[in-house]
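Contents: one structure, followed by commentary.
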Amino acid sequence: GPLAAMLVSQGLRVVRRAGDALPSRAADLQGYDAVVLDDVPATVLSPAQMAALRDYVGTLGGGLVAIGGPQSFGIGGYAHTPLEQVLPVSMDVRHRLAIPSMAILLVIDASGSMGSFGNELAKVELAKETALAVVDLLGERDLIGVIAFDQEHRWLVPPIQARERQRILDQVSRLKAGGGTNMYPALEAAHTYLRRAAAKIKHVIALSDGQTDPGDFQRLVTAMARDQITVTSVAIGTDADVQLMRSISRWGQGRYYHAKDPYTVPQIFTAEALLASRAYLIEEPFIPRAAGDIPMLPGMRSLPQLRGYVATAPKAAADVHLVSHHDDPVLASWHYGLGRAVAFTSDARPRWAADWVRWRDGARAWSQMVRWAMRDAGGNLHLLSDVEGATGRLVLDARTPAGDLITDLDASARLVSPSGQAARVTLEQVAPGRYEAVIPLAETGAYAATVEARRDGRVVGARSAGLVASYSPEFRERGVNRPLLAHLVEVTGGRILSEPRQAAAPAPAGTRDHRDAWPWFAASAAALLVAEVAVRRVPALTQFVAEAAATVAGRLRGQPPAPAEAAEDHLYEEADRWRLGETEQASGIQVASMEHAARLYIARLKAMDESRRDPSDRSRSS
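Residues 43 to 664 (my numbering) are what the sequence shown spells out, left to right.
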């Protein structure tokens with residue numbers, strides 16, 4: 043929006059950040075004099091971030107300016123949050139507005155997938171909390187009902203009036219996760235009840251991770267819209283079926299939310315409860331009128347027209363400066379703790395404040411609102427902080443504008459530790475105009491201190507400072523660690539350089555190094571062994587493969603296999619040949635040649651043949 047440019051034009055130094063980028067610790071806001079929220083919904087802020095803003099104003103004396111818009115204040119989910127605590131206006135306007143009767147049904151996923159949210163809170167526990175938050179925002183006669191569903195649906199809270207809060211609390215607390223996910227019958231039950239309800243506003247808020255059984259959701263939700271029933275969908279978690287939940291809100295003419303951070307779910311539900319009433323968003327042209335002194339707008343009595351605002355109610359201790367045509371606060375402020383907070387319930391954009399943006403005094407008006415809320419500069423107070431070891435010291439010097447020392451002040455400091463614990467410390471007067479406090483720092487980290495000086499109960503001024511407690515000095519290395527350098531040189535064979543230019547000199551000649559060589563030889567021997575075995579076995583393997591291939595080829599050509607007897611004789615011949623060789627070697631006969639061996643073998647065969655002849659044959663031959 044144009045607000046940042048207008049503030050810069052008036053000499054303010056502005057740092058722009060997205061809402062979810064705000065620090066979550068008040069100490070991290072210490073360097074800023076004021077924080078401006080320009081139509082920022084609470085749904086983008088975590089509870090820690092909102093608490094940091096509250097503590098920044100109340101404890102550290104910072105300033106907060108909340109600018110309205112269609113995503114701010116009640117319809118932005120500020121109700122029941124630390125933001126509402128620090129602002130001068132309340133989000134509860136039921137007693138101020140004529141809100142039509144409402145019937146709101148919460149359709150809550152209680153399936154097994156809702157049982158946990160990462161390692162944080164259970165989704166079902168969040169559903170309980172948000173249901174109760176909605177009850178707190180409804181009128182006593184408004185109706186609320188809760189339907190829980192897993193594989194089946196059930197009326198956890200049958201529609202009853204919101205004034206029966208304890209009964210609703212008891213029934214919602216019985217919600218437990220388990221079973222499958224089937225949202226369609228639950229929405230059917232909500233439709234069946236609401237189309238017969240007499241309420242003027244009928245609204246359904248469906249909460250689920252979206253992992254549901256299929257159904258004709260488009261037909262059902264479109265029929266609900268025809269019956270004047272609006273449906274808002276809230277997808278919870280990173281595993282949500284975003285497409286389905288987004289489509290349900292579109293068919294039901296409601297709104298869609300994706301709660302990636304579980305802590306934003308309560309703010310979503312409260313914002314929806316207020317939006318459903320259609321009474322908090324006032325979009326009508328009007329000229330704001332003064333309701334009292336306007337210290338941040340001196341001399342500006344004629345103000346341009348505004349076209350809308352968010353309805354709020356002033357708190358008891360707040361100062362209301364501008365009101366609408368319905369007497370609702372438009373500009374309000376108050377002191378909160380040590381700081382100040384301002385609420386402007388219209389916006390700073392062309393939607394509602396187009397005339398203010400074009401107004402020649404517009405930039406000056408916005409800047410003066412911010413300057414009024416900014417931390418008191420404390421021009422007469424000078425605060426110094428110092429840390430030595432585990433002890434911190436705060437020194438406050440107080441002088442008048444003329445330079446005279448201010449004595450007899452009641453000075454105290456509010457100290458916030460790194461863990462968020464707050465403590466009150468008194469500064470003692472040690473000299474005229476000087477006040478000191480010595481503080482033991484038990485934790486390591488950053489401390490935030492805000493010193494407030496009073497005289498006769500009246501605040502003279504306040505200043506803030508920070509203290510940082512580091513680790514114990516024994517962990518701090520001082521100077522050059524020469525023993526470590528010497529050890530590195532010895533291990534690596536390097537040298538210590540005495541002059542920086544030596545680092546650019548050529549590297550020294552290479553040095554020798556002794557290493558064991560036996561692993562290389564052992565590996566080589568193993569490789570040679572494998573190679574030798576392969577060389578000896580390859581011929582036999584090759585012959586076997588060739589014979590097998592020839593046999594297969596012969597059979598494919600239809601050739602009959604060789605007779606078994608021939609193969610058997612061949613084997614016997616081989617065996618006899620080897621036995622002959624062994625016998626002759628054992629008897630000491632030296633075979634001179636293969637021819638000689640063959641003659642001996644033939645002679646033996648003849649002898650064996652004659653011995654087998656019949657004796658009668660031998661007698662005839664004789």
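All C-beta atoms, glycine included, are put in the ideal place defined by N, C-alpha and C. These numbers were taken from a predicted model, which means no experiment stands behind them.
Residues bridged to residue i (per DSSP)
i, result
"T492", "R456, S506"
"D151", "F191"
"E326", "None, per the DSSP bridge assignment."
"E589", "According to DSSP, E589 bridges with nothing at all."
"Y120", "Bridge partners of Y120: none, in fact."
"W398", "Paired residue(s): none; W398 is not in a bridge."
"T534", "Beta-bridge pairing links T534 to no other residue."
"R196", "A190"
"L425", "L438"
"T449", "For T449, which the question treats as bridged, DSSP gives no partner whatsoever."
"A464", "V458"
"V131", "P356"
Where residue i sits in the DSSP three-state scheme
i, result
"A360", "coil"
"S512", "coil"
"M713", "What is shown of the chain runs 43 to 664, which leaves residue 713 out entirely."
"Y298", "strand"
"I290", "helix"
"Y226", "helix"
"T584", "helix"
"A63", "helix"
"L87", "coil"
"M48", "helix"
"K242", "coil"
"T387", "coil"
"E126", "helix"
"L217", "coil"
"Q347", "coil"
"V57", "coil"
"A145", "strand"
"H377", "strand"
"A353", "coil"
"T433", "strand"
"G366", "The displayed chain sequence assigns Ser, not Gly, to residue 366. Three-state result, S366: coil."
"R500", "strand"
6 angstroms CB neighbourhood of residue i in its chain, flanking five on each side removed
i, result
"A228", "V149, I189, F191, H195"
"A595", "none"
"V77", "L106"
"E314", "I247, T274"
"G111", "D81, D389"
"R497", "L451"
"T172", "V307, P308, F311"
"H233", "M266"
"Q52", "A405, S409"
"A573", "none"
Reference residue i, options the options, closest by Cα
i, options, result
"G220", "I186, L198, P256, A152", "A152"
"S461", "A488, Y226, T584", "A488"
"P83", "Y120, E478, S291, G341", "Y120"
"A239", "S540, I278, L185", "L185"
"R237", "L211, S566, D269", "D269"
"L483", "R297, V458, L469, Y477", "V458"
"M92", "L339, R597, T306", "T306"
"I290", "A440, L211, L262", "L262"
"Q295", "Q285, P308, A267", "A267"
"P356", "L373, S66, E494, H300", "L373"
"D251", "V284, A265, I243, W293", "V284"
"Q72", "Y351, G104, A504", "G104"
Same chain, Cβ closer than 8 angstroms to residue i, neighbours up to 5 away in sequence not counted
i, result
"E182", "Q203, A204, R205"
"F668", "Outside the displayed range of the chain (43 to 664) lies residue 668, so it cannot be described from this structure."
"I538", "L527, A528, V531"
"Y614", "Low per-residue confidence applies at Y614: pLDDT is 45, beneath 50, and the placement is therefore not dependable enough to give any value."
"P124", "P89, M92, A93, L95, R96"
Sequence-distant residues of its chain with Cβ nearer than 7 angstroms to residue i (five each side left out)
i, result
"D618", "Note on D618: pLDDT 49, under 50, position unreliable in the model; no value is reported."
"G61", "V82, V86, L87"
"A333", "V362, H363, L364, V365"
"A395", "L348, S388, D389"
CB contact check: residue i to chain D, cutoff 8 angstroms
i, result
"H529", "Absence of chain D from the displayed structure is noted, only one protein chain being present."
Cβ contact check for the region 426-436 and the region 358-365: 3 or more pairs under 8 angstroms: no
The region 434-441 contacting the region 93-104, beta-carbon criterion three pairs below 8 angstroms: no
Inter-stretch contact (C-beta, 8 angstroms, three-pair minimum) for the region 388-406 and the region 443-462: no
Any 3 or more C-beta pairs closer than 8 angstroms across the region 464-484 and the region 50-70: no
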